[in-house]
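>
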Amino acid sequence: MTYENITLKKELDINNIDFLHHLELANGFSFPEEPHDCWEFLYVSKGTVKATSGPVTHTLYKDDILFHPPGETHRIQSNGMPVPSLVIIGFQCSSPAMDYFRGKKLTVVPTERALIGHLVEEARILPLPSPDHPGYQKTASAFHTAIPFGAEQMIFLYLQQLLLQLIRRSSADSTFLSTPSSGRRHEEEELFYQIIAYMEDRLCEHLSIPQICRDNLISRSLLQQLFHDYTGSGAIDCFSLMKINAAKQLILHGQLNLTQIADYLGYSSIHYFSRQFKKLTGMSPSKYAASAAQHESP
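Numbering that gives the first Met the number 0 numbers the first residue of the sequence shown as 0 and each following residue consecutively.
1. In the DSSP assignment, what residue or residues form a beta bridge with His21?
2. Please classify Thr280: does DSSP put it in a helix, a strand, or coil?
3. Looking only at its chain, what residues have a beta carbon closer than 7 Å to the beta carbon of Ile166, apart from the 5 residues adjacent to it on each side?
4. Let's see if you can read the secondary structure: which residues bound the alpha helix (DSSP H) around Phe28?
5. Strictly by DSSP, which residues pair up with Arg74?
6. Can you tell which of Asn256, Ser169, Leu264 and Thr51 has its C-alpha closest to the C-alpha of Thr106?
7. Take the Cβ of Asn15 as the centre, count every other Cβ of all protein chains shown within 10 Å, and call the residue buried at 16 or more, exposed below.
8. In the structure shown, what three-state DSSP assignment does His252 receive?
9. Is the segment 267 to 286 close to the segment 215 to 234, with three or more CB pairs under 8 Å?
10. Got a sec, what are the start and stop residues for the beta strand (DSSP E) Val43 sits in?
11. Is it true that the CB of Phe66 sits closer than 8 Å to the CB of Leu158?
12. For Ile195 and Ile235, what's the separation of their Cα atoms in angstroms?
13. Quick one, which of Lys247, Ile260, Ile250 and Gln160 has its alpha-carbon nearest Glu204's?
14. Could you check if Ala289 is buried or exposed, using at least 16 other CB atoms within 10 Å of its CB as the buried criterion?
15. Would you kindly work out how many angstroms separate the C-alpha atoms of Glu189 and Thr1, rounded to a whole number?
16. Between the alpha carbons of Val108 and Lys242, how many angstroms are there, rounded?
17. Check whether the Cβ atoms of Cys92 and Leu11 lie closer than 8 Å to each other.
18. Could you have a look at Asn4 and say whether DSSP puts it in helix, strand or coil?
19. With a 10 Å radius around its C-beta and 16 neighbouring C-beta atoms as the bar for buried, classify Arg112 as buried or exposed.
Encoded structure:
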């Protein structure tokens with residue numbers, strides 16, 4: 000039996016990533032107006048910012064993403080509370096498909112938000128440089144003794160998938176996405192990320208399964224199935240991990256002590272907070288804080 004070789008067409012290929020930043024801007028801070036010789040996008044994961052693209056000024060809200068083509072003068076300004084959290088990526092791509100993004104401001108959907116999240120997680124474990132501007136705060140970074148296999152390539156893959164999905168979603172030629180099975184899958188995915196957003200808004204509270212079900216109009220069995228499919232764990236386990244991740248960021252920011260962090264995140268006592276932190280991270284909050292201080296020291 001003979002086989003015919005199949006050449007797979009690449010619609011979009013990233014040549015290089017010039018910079019990748021996940022940061023928080025101090026209230027009222029403004030980056031200077033400047034152009035770059037690469038494509039750049041700005042994604043807002045929290046808060047609002049003003050962004051100028053050439054002569055046009057945009058107000059960007061949570062989940063908005065704005066693209067700048069090479070050579071376009073642009074500027075970012077924090078314009079209120081809460082402190083905005085941003086993902087800024089500059090990359091080289093000469094594929095004609097990139098013309099779609101010229102002048103584009105889009106709002107990402109949960110699947111695209113997840114890709115950005117995966118991309119940022121991979122970037123956190125790499126020794127990437129920070130922007131040379133004084134008005135931003137670093138977001139939390141992970142502590143690893145070694146860079147996992149393929150981390151850099153995963154960043155390229157997630158970025159390419161994000162760009163392809165943004166173009167595909169806007170295309171009129173997407174009827175294959177409307178089949179009943181894929182439609183149900185999309186609805187479940189939307190519901191899952193709706194519940195994740197609901198949890199993120201209540202990190203300082205105590206949540207129960209009945210409350211999550213009631214507030215999101217979902218049955219207990221479907222809730223359990225969704226979290227099993229998407230996380231491999233239960234909803235409360237996922238919520239506990241989200242709390243501890245928030246605690247890590249607060250520890251790194253250094254503005255609250257451990258007792259204040261435990262109280263802020265709704266833990267009944269510093270002792271219970273410490274037990275949960277060690278259970279999920281393998282170290283106590285105080286040891287994590289010491290590791291963070293050592294990591295940040297020159």
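Ideal Cβ placement from N, Cα and C applies to all residues, glycine included.
Based on what the coordinates show:
1. Val86
2. helix
3. Ala96 and Tyr99
4. First-last for Phe28: undefined, no H or E at that position.
5. Thr51
6. Ser169
7. exposed
8. helix
9. no
10. Trp38 to Lys45
11. no
12. 11 Å
13. Restricting attention to Lys247, Ile260, Ile250 and Gln160, the CA atom closest to the CA of Glu204 is found in Ile260.
14. exposed
15. 44 Å
16. Whole-angstrom Cα-Cα distance: 23 Å.
17. yes
18. coil
19. With 16 or more Cβ atoms within 10 Å of its Cβ, Arg112 is classed as buried.
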